[in-house]
Ligand code: NAP
Ligand code: BGC
Ligand code: ZN
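Residue numbers (the working numbering): 485 to 839.
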């Protein structure tokens with residue numbers, strides 16, 4: 485079967501020929517429909533994040549998949565079910581995080597991530613997965629189905645951030661998304677759908693005309709250019725915000741989020757930066773966090789419950805959003821276009837097959 489992979493000595497994604505996998509006990513065989521591409525894939529391709537399976541010289545890419553059950557292989561699934569796989573897998577036998585149903589909370593070394601860290605991804609005509617990691621999705625999701633995984637990332641981040649404000653009567657009105665990549669824009673749409681946020685902002689570093697700025701404004705949010713208004717100046721230029729969602733991977737933003745927050749606000753940090761040493765006024769940030777009851781929450785990956793919440797949320801978002809957000813879905817014979825990362829590209833996917 486055809487698969488899209490990088491090798492240890494050539495990090496350019498290419499089509500490789502691999503045997504169709506056989507499902508083991510408890511696993512189903514899935515025929516792949518589509519697999520999305522995000523900033524993490526670009527970081528994996530560049531070698532800045534993730535790693536190869538220990539015994540292989542190649543890594544099949546892709547972690548944002550949707551497929552059709554081809555062989556349920558004795559699991560509770562039925563042939564023809566449309567499923568989205570979660571990303572994390574047990575590395576070596578059982579561990580407590582997986583047994584509790586919380587693999588997204590496992591520390592480094594206690595998980596593999598398919599297509600990212602130590603395990604092959606889903607960019608292949610077929611993949612196998614334990615049934616416990618396959619989330620059934622309704623036909624109604626249609627072409628937005630491959631966005632379940634990225635939307636689940638934000639469902640988890642919201643849950644954890646809002647939980648940090650659950651001990652008092654938190655009444656947020658404003659939200660700021662840092663980053664106008666595919667995760668930031670999808671999340672901005674999710675926040676727009678949350679009636680509590682009356683005013684929303686999205687940070688980028690692009691000149692107009694730009695399709696991401698158009699999308700920010702079509703969603704009813706205010707575009708903030710970080711070159712003109714650095715994050716710590718957002719409270720003066722606009723307002724201190726109740727909720728910040730960081731999706732730039734720009735390390736200074738983790739600390740600058742504290743300055744952007746209103747008293748009692750919370751920031752969710754999602755970006756995965758490279759190492760970067762810089763100076764911060766630690767005393768001031770520490771004081772702000774304490775005296776203004778601010779919180780920062782890091783969040784990575786997501787679990788089955790977050791995938792299920794994402795299915796509901798995606799169905800509530802308007803059709804035009806997906807027309808604007810998804811800038812290209814490419815067949816295998818032009819798969820490399822899905823990996824182009826320029827200013828006309830927002831969200832792309834590789835199409836392997838149809839329902
Ligand atoms: P992406 O497409 O690379 O988006 C990042 C965006 O941030 C880009 O549009 C970039 O603008 C913008 N940006 C970067 N630095 C900026 C700055 N100083 N000022 C203004 N804008 C800035 O990546 P993505 O797929 O949306 O993901 C976003 C981040 O989240 C990545 O770091 C990714 O690794 C991480 N992520 C984490 C999780 C998790 O579970 N925690 C899940 C998914 C993704 P330009 O395009 O103009 O350069
Ligand atoms: C994926 C997550 C993963 C994270 C860190 C994200 O792009 O969507 O599932 O945990 O990267 O590798
Ligand atoms: Zn991702």
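A virtual CB, placed ideally from N, CA and C, is assigned to each residue, including glycine.
Query, Result
"Residue 637 CB to nearest heavy atom of the ligand NAP below 6 Å", "yes"
"Contacting residues, own chain, Cβ-Cβ under 6 Å from residue 724 (five flanking each side not counted)", "746"
"Check whether residue 717 and residue 630 have beta carbons under 7 Å apart", "no"
"Cβ-heavy atom distance, residue 522 to the ligand NAP, below 6 Å", "yes"
"Segments of 4+ residues assigned as alpha helix (DSSP H) that fall wholly inside the region 738-807", "766-775 and 788-800"
"Residue 692 Cβ short of 6 Å to the ligand NAP heavy atom set", "no"
"Residue 636 vs residue 786 beta-carbon contact at 7 Å", "yes"
"Closest residue to residue 663 among 525, 517, 500 and 756 (Cα-Cα distance)", "756"
"Beta carbon of residue 670 nearer than 7 Å to that of residue 703", "no"
"Own chain, CB closer than 6 Å to residue 699, minus 5 neighbours either side, in chain order", "669 and 808"
"Residues near residue 776 in its chain [Cβ-Cβ closer than 6 Å; skip 5 each side]", "747"
"Pick from 491, 499 and 523 that is closest to residue 758, judged by C-alpha positions", "523"
"For residue 519, the three-state DSSP class (helix, strand or coil)", "strand"
"Runs of alpha helix (DSSP H) lying entirely within the region 615-654, each at least 4 residues, in chain order", "632-647"
"Residue from 741, 790 and 792 with nearest C-alpha to residue 770", "741"
"Meets three-Cβ-pair contact criterion under 8 Å: the region 514-522 and the region 531-538", "no"
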